[in-house]
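In our numbering, the protein residues as written are 1122 to 1466.
Where a beta carbon is used, it is the ideal one built from N, C-alpha and C, also for glycine.
The structure appears right after this line, and notes come after that.
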């Protein structure tokens, strides 16, 4: 299985160390919810009699042409913390692909705004089990939501071992963006969250997913990303996540043409009327410097773009604040959440 191959070990240590520096610890409804503006009519015309009726176009970023029908979510576990309530649910809208979804709500806060969290491949959901993390993300009265992306963790199954997140990048990104849109519909239907005020915090491949999803869903108003994958030609050529034995395949035109429309470089300029911050750490072995600079250059003029030499410099920048303060402040400001930001850190 690719995520256990040798190149991952050093890269996982990089982001584990980064999380420790920034955070101080290691990561440890009903069916048929209707689409709110971004889902295609095919999805909300009726309720599927079975998952066998699902149709999904994994080459198209939007849900146009797809029919995903959610079945009844299952509450797997519920924990009452001192300042938060944590729910683990199993949700599903395609065959053979149940998704574990965490919904963490601050206690005694009616209809809190929401932040989606997505971390880089091959990260899973361990951090959502961590009480300290849950206190941090809900501090200030916001809810936190997270799930495992496609072709990752429990969602990687029944595939040839040569197929993994990067080799199937088009599918992995498109399917996960579809999941984000479906999760947003579910959050609306729950009725105990203010999904009209949603932010997205993403790191690495999770940052790429955040950018793509925010471009499609107007309910995602604030975006805070760290080192999103992108600028695919340079990224495939230099990224340390690519095994050298496979790099040549990912530089072929037929592969790059499939993911060209999923490049954050092309989508960042389209994020109008959204608050955007890009945190770019230059020592990341996964993201080559030329790709990070290209991503920075593609951001809207109003975006906050911050470069850091390494994770220590990033942690020092945040020593008097939390990693999550910026996105929370923007979501809780009703004016800032609806207009373009100024270009200041």
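The closest CA to that of residue 1429, considering only 1410, 1423, 1447, is found on 1410. In the displayed model, residue 1296 falls within a helix according to three-state DSSP. For the pair residue 1415 and residue 1404, the Cα-to-Cα distance works out to about 16 angstroms. Per DSSP, residue 1323 is one residue of the beta strand (DSSP E) stretching across 1315–1324. When rounded, the separation of the alpha-carbon atoms in residue 1254 and residue 1216 is 32 angstroms. In this structure, the beta-carbon distance from residue 1350 to residue 1408 falls below 8 angstroms. Taking C-alpha positions only, residue 1298 is separated from residue 1203 by approximately 33 angstroms. Here the alpha carbon of residue 1291 sits roughly 16 angstroms from the alpha carbon of residue 1185. By the Cβ criterion, the region 1274–1293 is not in contact with the region 1186–1203, since fewer than three pairs of Cβ atoms, one from each stretch, lie closer than 8 angstroms.
Less than 8 angstroms divides the Cβ of residue 1421 from the Cβ of residue 1397. From the listed residues 1417, 1369, 1402, the smallest Cα separation to residue 1384 is found for 1417. Only residues of its own chain outside the window of five on either side were considered, and among them 1266, 1321 have a CB closer than 6 angstroms to the CB of residue 1237, listed in chain order.
Contact annotation: the region 1299–1311 touches the region 1322–1341, with at least three C-beta pairs closer than 8 angstroms. For secondary structure counted as the alpha helix (DSSP H) over 4 or more consecutive residues, the region 1320–1395 holds these complete runs in sequence order: 1326–1337, 1353–1359, 1365–1371, 1374–1380, 1385–1388.
Of 1279, 1370, 1344, 1306, the smallest CA-CA separation from residue 1214 is found for 1306.
Annotation for residue 1206: the continuous beta strand (DSSP E) segment containing it runs 1205–1212. Residue 1366 sits exposed, since fewer than 16 C-beta atoms from the chains shown fall within 10 Å of its C-beta.
Judged by DSSP in its simplified three-state form, residue 1310 adopts helix.
Residue 1234 is classed as buried because its beta carbon has at least 16 other beta carbons within 10 Å across all chains shown. When C-alpha distances from residue 1230 are compared across 1208, 1280, 1313, the shortest belongs to 1313.
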